[in-house]
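There are 6 protein chains.
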Amino acid sequence: MTSEPTWPQPIDGTVTPRFAAPPSFMRMPVRQDATGLDIALLGIPFDAATTNRPGTRHGPRELRGASTLMRRVHPVSLVEPAALCRIADVGDAPVNPVDVMETLARVEAFVAGLCAAGAWTLAAGGDHLMSLPVLRGMARGMPGFGPLGLVHFDAHSDTSDLYFGTSRYTHGTPFRRAIEEGLLDPKRIVQIGIRGSLYGVDDMAWARDAGIRIMTIEECEELGPDAVAAEARRVAGGAPCYLTFDIDCLDPAFAPGTGTPEAGGFTPREAMRMLRGLRGLNLVGADVVEVSPPYDSAGITAIAGATMLFEILCLLAESRARLAEAKGPGA
Amino acid sequence: MTSEPTWPQPIDGTVTPRFAAPPSFMRMPVRQDATGLDIALLGIPFDAATTNRPGTRHGPRELRGASTLMRRVHPVSLVEPAALCRIADVGDAPVNPVDVMETLARVEAFVAGLCAAGAWTLAAGGDHLMSLPVLRGMARGMPGFGPLGLVHFDAHSDTSDLYFGTSRYTHGTPFRRAIEEGLLDPKRIVQIGIRGSLYGVDDMAWARDAGIRIMTIEECEELGPDAVAAEARRVAGGAPCYLTFDIDCLDPAFAPGTGTPEAGGFTPREAMRMLRGLRGLNLVGADVVEVSPPYDSAGITAIAGATMLFEILCLLAESRARLAEAKGPGA
Amino acid sequence: MTSEPTWPQPIDGTVTPRFAAPPSFMRMPVRQDATGLDIALLGIPFDAATTNRPGTRHGPRELRGASTLMRRVHPVSLVEPAALCRIADVGDAPVNPVDVMETLARVEAFVAGLCAAGAWTLAAGGDHLMSLPVLRGMARGMPGFGPLGLVHFDAHSDTSDLYFGTSRYTHGTPFRRAIEEGLLDPKRIVQIGIRGSLYGVDDMAWARDAGIRIMTIEECEELGPDAVAAEARRVAGGAPCYLTFDIDCLDPAFAPGTGTPEAGGFTPREAMRMLRGLRGLNLVGADVVEVSPPYDSAGITAIAGATMLFEILCLLAESRARLAEAKGPGA
Amino acid sequence: MTSEPTWPQPIDGTVTPRFAAPPSFMRMPVRQDATGLDIALLGIPFDAATTNRPGTRHGPRELRGASTLMRRVHPVSLVEPAALCRIADVGDAPVNPVDVMETLARVEAFVAGLCAAGAWTLAAGGDHLMSLPVLRGMARGMPGFGPLGLVHFDAHSDTSDLYFGTSRYTHGTPFRRAIEEGLLDPKRIVQIGIRGSLYGVDDMAWARDAGIRIMTIEECEELGPDAVAAEARRVAGGAPCYLTFDIDCLDPAFAPGTGTPEAGGFTPREAMRMLRGLRGLNLVGADVVEVSPPYDSAGITAIAGATMLFEILCLLAESRARLAEAKGPGA
Amino acid sequence: MTSEPTWPQPIDGTVTPRFAAPPSFMRMPVRQDATGLDIALLGIPFDAATTNRPGTRHGPRELRGASTLMRRVHPVSLVEPAALCRIADVGDAPVNPVDVMETLARVEAFVAGLCAAGAWTLAAGGDHLMSLPVLRGMARGMPGFGPLGLVHFDAHSDTSDLYFGTSRYTHGTPFRRAIEEGLLDPKRIVQIGIRGSLYGVDDMAWARDAGIRIMTIEECEELGPDAVAAEARRVAGGAPCYLTFDIDCLDPAFAPGTGTPEAGGFTPREAMRMLRGLRGLNLVGADVVEVSPPYDSAGITAIAGATMLFEILCLLAESRARLAEAKGPGA
Amino acid sequence: MTSEPTWPQPIDGTVTPRFAAPPSFMRMPVRQDATGLDIALLGIPFDAATTNRPGTRHGPRELRGASTLMRRVHPVSLVEPAALCRIADVGDAPVNPVDVMETLARVEAFVAGLCAAGAWTLAAGGDHLMSLPVLRGMARGMPGFGPLGLVHFDAHSDTSDLYFGTSRYTHGTPFRRAIEEGLLDPKRIVQIGIRGSLYGVDDMAWARDAGIRIMTIEECEELGPDAVAAEARRVAGGAPCYLTFDIDCLDPAFAPGTGTPEAGGFTPREAMRMLRGLRGLNLVGADVVEVSPPYDSAGITAIAGATMLFEILCLLAESRARLAEAKGPGA
């Protein structure tokens, strides 16, 4: 963990305009090799586990572009991620766009490699199934951290069992699988912003029975962003946890470019406030998923997604820096 | 009124993906004949009474498509419309796109037929003038219900008298005509979300003099959604009433696809909360109007419109089921 | 084969405007049961075999909508499909959007059922892999017709072997598989409009060695549409054949809504002229594929696709009518 | 007729950039009063006679904007309209957007007034019915010129009799009405680019029987633009004639923003070449119609429409100047 | 200052539909000469000082179009600007799109001329640098008013010093320059809605040191719109002041069409409420800037921008009328 | 010049899907250092010299994205650029988006550096003024090559002298400046596709007098693509020359995303055929300019632009390889 000036810094928008230069996440340097990295930004360009509208395979490219609008320092916390951590864009995880199972294996191996090299990961999806191989890869590459807690922003619980009669691996099932596999501790999972019509009255039964804390949009509205964040920190506890941000937690006007839009969601302002309320969380990895550029309009969704990536990067960098500090010099 | 399994149910999205199959409203079965129906979903593809931007003739088709995103059960009330009522998509009312007066007659006759067959109607517009022939058709097909109360979500009062010097039938005049014709009881009309610059300081005078309760957006913001809903229920009272939802009550960011956008409107979350607050209303018919797909972007308006249709369908199904229950077996 | 007035006819646009009524292919009646049908129009809403840009799962719905712009009679041949054949929209083939292999099986079974009931199929994709289960279903449901000839409009040969190291079933491989399975006779295959940069100099070697007649866009331009059509008829010969129209054979300006656009393609006028030049072909089935609405603009691609569907329906109806006539009364 | 420098000239794009200044047709001066004008450019913002997709009410505004891209001199003929004639933008004809019959009367009176003041008119639609009140207004304001010949670019003949059972005045009927009223001489009408599927095999029978020369797109392609123009001049003859350009004569890729797109149309290059081939025609009025901005994409249609307006303005200015010259000084 | 009926009034939307007639700001009369005007509406079609995304050169034209949706009377204050003041659209300021320094001079001279003729200006940008030549022009044309206070709605402080190493005049520097030049009194400047990631932790230091009152979006949310407006009035004080509204103070969903979008901004409803809370301010000029149509979607930004223009026009007309009244008859 | 396997090759689309990985031109490796390169692909993200519609500053980023659709081998010539030459994406030239003169200096220096390192350049604009600093940089970095011939595809001659009274450096003047500076030999310049209305009858006089061979679109259509290419080779002669491709030479339907669209242009098929007809030209540098993504629709322009970049890269790689071969081993 370091801020010495020799580590490559993001491109400066007052020197090179934000529309210039090949885009990378947050204008960070592009590296193939994760050695020495504190945080690896990666894309997972995959959408073949989508049950509704596809297109998130283009998410990483669009988010790289939109993230060039981000500057170096957080306006409220004044956190400067690249001053706290060694960060790079390590490119995209390998995928096979026509094969779900093989992609699960490839992404898991890629993330495991990053983690084994010492990097924590912040992934840009891709559909929500991709959280599963990331969690698997983290468990393999950083054994001893899990089972993890989970702070989960989403319109949907994503804890279904089967789709279309036979399919266990879709973007509607990742967290059920992750719990079954022991990657997540259901008691330390909080789902924020849940809404939308139901297939049946029992849609949430498994999740509730498993111990997941479901905060519907109605409850969130009632409590307000600060209290929601506090509750999320309470549920996740002090042990390591993961943060996953499905862009469809926002209202479709703020995130039309997504696979399963649900009217009545959060505003970006609310989402940013909740994320900022999570400072102090023991975060060890995160993702922003379900940004689907073909359904976007005027880049609204990409800008929102890139903003959330930046907010989360600030959280993750702080978390990583705390750990390094705790370990002391030489860690 | 029945929930026996023999009545055709909507297509199940966990079996047939939501993008598949020819679209119908809420994926309900398509029927030509309303006999035996409790609720008839219909489109009114007409926009020739529009004084500003046209395009609502495409509303029904687009709303059918977007409504395939809706699932069976309401997430808060847990109402399942197709379990309470026999519901079908009866297609579109006949129209003549170049003749306002003839269309008024055709739509009235079509709705009268549906009502005479026993069905209550939930219509998807079309421009707002179409509420008038629906109300006329209801009065003809279900004599004895009216004059009705009205819960009216809109940016505009739609109680003007004349446009362009000579035109009495435009999308800015339906409720004045309906009051004049005795279809509505002005004392039981509440208009919610009224805003936008005025032609003159007296724009609302006739409506106010007639006894309509106008709730401007400013008042609605002051009161909050729950109190607005309570006030609406108070005004509409216990007698049968109609609900009309003009999509332009939403802010243009949430409903760009409409004929007369006015900045500063409701969010969908507010609208949904107000609609949910209307449970218990003695609703006997409803519409969602002024969705104009050519001005939409990324389907934002269509998704909002389809969501409001679903919310209202839940209200209407409950209302119909209450009535059946009240009448007892054999009703 | 019949034109008696009792068979349901398409909706008449001078009575019911083209934007009205729930859309079906060519405004034909919707039937679940293919019994008695001469031609079944079906959608295959699937894109999970796409190696590049997805979205063709929305193709059938969008093509239904755009096809309502078509009227009853062909302007040059004066063929009126619904006067020659009993035609209906039989809905969409069942698919599993997250499982390629299972979808292959479901679509094959669905098409086999239609063919066994006596209907010839005209399918709207979906991605190009879907031609494979259609051909399999035809072979199962109408044994004795094959191996078929093939008239194939496309920018790409779609005869690759593997993608991403392991995947044999993608939208770039259907015709290699179909030849390997004996469904198509490679000597009677003609590919029209082939263009676009190559992965390697040998991209077309397998196809050429197999005996496929490849007509590059350059050759087509040299010969002109009439001569291309003549050559296609010569190659396909007099035995039964299939026609597949990949919308990406058109230039991206005329078909932006597709998965793998290649600059420098046909105009719709050229494509229509080539299709019209195929009259007399012994056509027993066809498809229009790779229309991807999320990448479309202003419905340009959907209109082009619906027009090609109509042109091909005229060819197929004539072919079916010829057969009926040849068999004589009672056939 | 004059080019003296005192007459206001169009705004110069090398002084005031083309995106600047309130837009008017061809950046000509805006005048309320037609006195002294040789040519009046006017908009007719009306689409309520549209049987299919609306939106042409926005045509004049969009065409004003796009026409600011035009410069002063024709690149091939070197005609400079504002040097030959006194030209101004006289604003929009009065319309009633919800009343077809009243609009017919208002537009007729407006055009009659312009003509009576001495101006020839070049109108920007608006739907194609608007040609009818223009022709009526010309006959009233400039008695003695008609019946006129007609050069008619269009995908459709627009000579139907009735729509929707009862409607005689739609954008599909103007030229039948104009012939019936003696405004046009059917023997001097040529229709160029006719195509698209038919309601029935007899769609064109009335037009052909009346003596109209119909040139289908297929014939036009066979002959080439120069021969089409020659044939048009032959049919129209030497007497005064009108030119009407329906933007849907272009292929939908070049004109997506229109009400009734038909695949397989002209390119703008072909259209421009045909128009240029009409030099020498005794043109006394013209229009460009059916530009529907809500269906446009990236302004493609508006640019094409504005270009056609400019081409036709050059023809009309030449025609008017010839007349003035023939009359000699003082005319 | 007058409301006598002889002064030209805006076009009436109940006579001439809002989509008709060449557009001008608020449908006011177009005048070249400012003599006798109380308020001049002008466009400044310039974007060459933009450091990020361009396109605001098209702002004035698009805002003229969208402003035709505005009617005559404010719905809450019932202010009718054209009844209080003589108002006209004086066209666009002259610009050189490829030369920043020359444009600064041209715009300053143009505004100085308007002010010298007695008109107060309400400008539609254009990028935010354009506030600088407006302030310079006001100081030259109306000496004695300044230094002015400033109510500044924006996501950004726009008080940077240099961009790209050498550039002092960009849309990120206007207010630093204006303070340095003595045009503004920094102690009477309030900036409302500031947010977005920072180039460095000291981005706001100069502004704060200069005495500017910065209200971040977080503070604004905390206080609510009414308190923000009160604070703005307090800071600006009773002396003459200017109001500048950068559309990017709104969230990107409400204003995607802008150069530097920042997630988490105001809603239009909040903005309108804050503006309405400014009644009584001694306003002597204003602008709405950074509307960039090429990045807009469905006209959302243009409608929001036109609405803000109308709100501000009501404030400015009231302010001007107060002054006239104070001066008494003959002023 | 070499094809040894050790030189990094483009990313293979059959391994890594084309939508994956951070985009670079043609998926070539990204290098900061041009040493050892034969061809440097660079972006010039600048549009401040645009007199009409801006946005080309986003051209390089969008063209990088669209170029990932290109594969390795040319389908007709079978040229494989990366097998003939060492090629890399060297990023974007430094620019100052608010300062034309400084950008001219920065780009010139950047290109001079690339050339001095031995690389030939293929640039993606940016507006057309950017050809000027590229030519200057080539002259400085590769002295002895010029004055160069020029093959110039464009709707406009770009040989104006002044814009807006005072500006000598705009996207309408680069080739006049380049001739004046001795960078180009006017007798060896050919301009292909010139069209569009004129500011005055003498617009082309200077160019013609200077000896430039102007081929209007009309002449090009008359001759056909092959003859145009032959004439271009004749004019350019055997000495070193430059190729500049302004995307606005295409018709707006094929390239809506550009600053100054002119109806009636080339199709991509024609353009590709002309480019292919230039094989053998002694090409030493090239650019593709005026792609303006904010005005694009569905990526049509970007795909066309990327395709032209690929076609030109094949020409340039062949030309470079010929030179290397001519010099013999060790060159």
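Just so you know, the protein sequences line up as chains A, B, C, D, E and F, in that order.
Following the numbering used here, the residues of the first sequence are numbered contiguously, the last one being 331.
Following the numbering used here, the residues of the second sequence are numbered contiguously, the last one being 1331.
Following the numbering used here, the residues of the third sequence are numbered contiguously, the last one being 2331.
Following the numbering used here, the residues of the fourth sequence are numbered contiguously, the last one being 3331.
Following the numbering used here, the residues of the fifth sequence are numbered contiguously, the last one being 4331.
Following the numbering used here, the residues of the sixth sequence are numbered contiguously, the last one being 5331.
Quick reminder that beta carbons are idealized off the backbone N, C-alpha and C, glycines included.
Source: prediction; values computed, not measured.
Using the beta-carbon of each residue, which ones in chain E are nearer than 7 Å to residue i?
i: residue 78 of chain A; result: 4201
i: residue 3020 of chain D; result: 4045, 4092, 4095
Which chain D residues are close to residue i, counting only those with a beta carbon under 9 Å from its beta carbon?
i: residue 2073 of chain C; result: 3197, 3198, 3199, 3200, 3201, 3203
For residue i, I'd like the list of residues in its chain whose CB is within less than 7 Å of its CB, leaving aside the five on either flank, ordered along the chain.
i: residue 1180 of chain B; result: none
i: residue 1229 of chain B; result: 1274, 1277, 1278
i: residue 11 of chain A; result: 21, 27
i: residue 2052 of chain C; result: 2259, 2260
i: residue 2160 of chain C; result: 2172, 2173, 2176
Determine the chain B residues that contact residue i at a beta-carbon separation under 9 Å, and present them in chain order.
i: residue 157 of chain A; result: Those within 9 Å of residue 157 of chain A in chain B number zero; the least Cβ separation is about 11 Å.
Got a sec? Which residues, its chain only, sit under 8 Å from residue i by beta carbon, not counting five neighbours each side?
i: residue 272 of chain A; result: 307, 308, 311
i: residue 238 of chain A; result: 282
Report all residues from its chain with a CB closer than 6 Å to the CB of residue i; omit the five preceding and five following residues, and keep chain order.
i: residue 1240 of chain B; result: 1145, 1148, 1282, 1284
i: residue 4014 of chain E; result: none
i: residue 3030 of chain D; result: 3024, 3089
Taking only three categories from DSSP, how would you classify residue i?
i: residue 3298 of chain D; result: coil
i: residue 5049 of chain F; result: coil
i: residue 1313 of chain B; result: helix
List, in order along the chain, the chain C residues whose C-beta lies closer than 8 Å to that of residue i?
i: residue 5297 of chain F; result: 2256, 2297, 2298
i: residue 5017 of chain F; result: 2051, 2052, 2164
If you draw a straight line from the alpha carbon of residue i to that of residue j, how long is it in whole angstroms?
i: residue 3199 of chain D; j: residue 2133 of chain C; result: 35 Å
i: residue 5316 of chain F; j: residue 1247 of chain B; result: 56 Å
i: residue 2126 of chain C; j: residue 2170 of chain C; result: 12 Å
i: residue 5295 of chain F; j: residue 3322 of chain D; result: 41 Å
Taking only runs that begin and end inside the stretch 2084-2159 of chain C, name each unbroken alpha helix (DSSP H) of 4 or more residues, in chain order.
As far as the stretch 2084-2159 of chain C is concerned, its whole alpha helix (DSSP H) runs of at least 4 residues are 2100-2116, 2131-2141.
Residue ranges of each alpha helix (DSSP H) run of no fewer than 4 residues wholly in the stretch 197-278 of chain A, ordered along the chain?
Taking only runs of at least 4 residues, the alpha helix (DSSP H) segments lying wholly in the stretch 197-278 of chain A are 205-210, 217-223, 225-236, 268-276.
For a minimum of 3 consecutive residues, which ranges assigned as the beta strand (DSSP E) are wholly contained in the stretch 11-63 of chain A?
Segments of the beta strand (DSSP E) lying fully in the stretch 11-63 of chain A: 39-44.
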